[in-house]
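Enquirer: Counting from 1, position 227 in the sequence shown corresponds to residue 226 in numbering that gives the first Met the number 0; the numbering is continuous, with no gaps.
What follows is a single structure, and I will ask about it in a moment.
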Amino acid sequence: MNPVEFLKAHTERVRPLVLAESGAWWELNTTGSAGAAERAAKARERIARLHADPEGFAFLRDQDGAGSGGDSATARQIRTLRLAFEAAQRDEATIRREAELSAGLEVLFASHRPVIRDAPASANDIRRILRTSTDSDLRREAFLASHEVGTKAEPAILELVALRNDAARKLGYRDHYALTLAVSEIDEEHLLGLLDGLMARTAAPFAAAKGEMDRELAERFGVAPADLMPWHYADPFFQTVPTLAGV
């Protein structure tokens, strides 16, 4: 089989699985359906099993090393697919367990509803409290409620991390993070150097802006700036523009 034939055959096999997984994932995240989670997990498991094929990986590795006769588009597809196969090299038991854990986590995050003062709350309820309330106790409850799903997810996440790190080490990588960067064609040293440079260049203006923010929030809540807590900010993850005067 030549590279073009391999790519065509692979596309025909993987396309319906990707469509099934994507559709089930959308249904899960809009309805919290356990049935959708099961369908997504099964499709994801079949995709993983397809990419874990050692013979296919060996073929792609050979073709990637040999080039594709000057056809740059085919060569790029072979390289991309080879990287996908490399990332997916797993034994059957690991593939199955990763799919189970991922599906369970998706159901948890899609269906979890935090509780505030003995009543279920939505993400919008939490955002509203953190945007508008001046009751520090209520804000604290809302903030902690927005993070409580993490406690429920912790066991599955830690198991998934261990599985992925173990699989990466069997392929010769330090951990799953290093494997992911490698198959994404990102140089880790360059990436971390870039982020360190951005941190160094933005640290001073960030500190000045946050100082202004903290002074305004301290006045609003009647506390000293040093006594501000995470729930005094409008975003529970401190990732969006704050609701401050002039912003």
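Built from N, CA and C at the ideal position, the CB exists for glycine as well.
Because the structure is a prediction, the values reported are computed rather than measured.
1) A109: which of A199, E218, T30 and A225 sits nearest, CA to CA?
2) As a quick exercise: from V182, A65, A244 and E184, pick the residue whose alpha carbon is nearest that of E211.
3) With a threshold of 8 Å, are at least 3 pairs of Cβ atoms found where one atom belongs to the region 87-103 and the other to the region 202-220?
4) Across which residues does DSSP place P119 in a beta bridge pair?
5) In its own chain, which residues sit with a C-beta less than 8 Å from the C-beta of L180, not counting the 5 before and 5 after it?
6) Could you work out which residue in L143, R214 and R12 is closest to F236 when comparing CA atoms only?
7) Who are the Cβ neighbours of P119 in its own chain at under 6 Å, not counting the five residues just before and after it?
8) Please classify V240: is it buried, with 16 or more other beta-carbons within 10 angstroms of its beta-carbon, or exposed?
9) Answer yes or no: does any C-beta atom of chain B fall closer than 8 Å to that of Q238?
10) What are the uninterrupted segments assigned as alpha helix (DSSP H) that are 4 or more residues long and contained completely in the region 142-184, given in chain order?
11) Smallest Cα separation from R81: which of R89, Q88, L59 and D70?
12) Let's test the definition: count the other Cβ atoms within 10 Å of the Cβ of W25 and tell me whether it reaches 16, buried, or not, exposed.
Expert: Let me lay it out:
1) In the sequence shown, the residue the question calls residue 109 occupies position 110. Residue T30 is the option with its Cα nearest to A109.
2) In the sequence shown, residue 211 corresponds to position 212, counting from 1. When only C-alpha atoms are compared, the closest one is A244.
3) no
4) By one-based count along the sequence shown, residue 119 stands at place 120. DSSP output for P119 lists V114 as bridge partner(s).
5) Taking the first residue of the sequence shown as 1, we reach residue 180 at position 181. Here the set comprises D186, E187 and L190.
6) The residue given as residue 236 occupies position 237 in the sequence shown. Measuring from the Cα of F236, the nearest candidate turns out to be L143.
7) Here residue 119 refers to the residue found at position 120 of the sequence shown. Answer for P119: R112, listed in chain order.
8) Position 241 of the sequence shown, counting from 1, holds the residue named residue 240. Flag for V240 reads exposed.
9) The structure shown has no chain B; it contains just one protein chain.
10) 148-169 and 175-182
11) By 1-based counting over the sequence shown, the position of residue 81 is 82. Closest option to R81, Cα to Cα, is L59.
12) Your numbering for residue 25 matches position 26 in the sequence shown. Answer is exposed; the Cβ neighbour count stays below 16.
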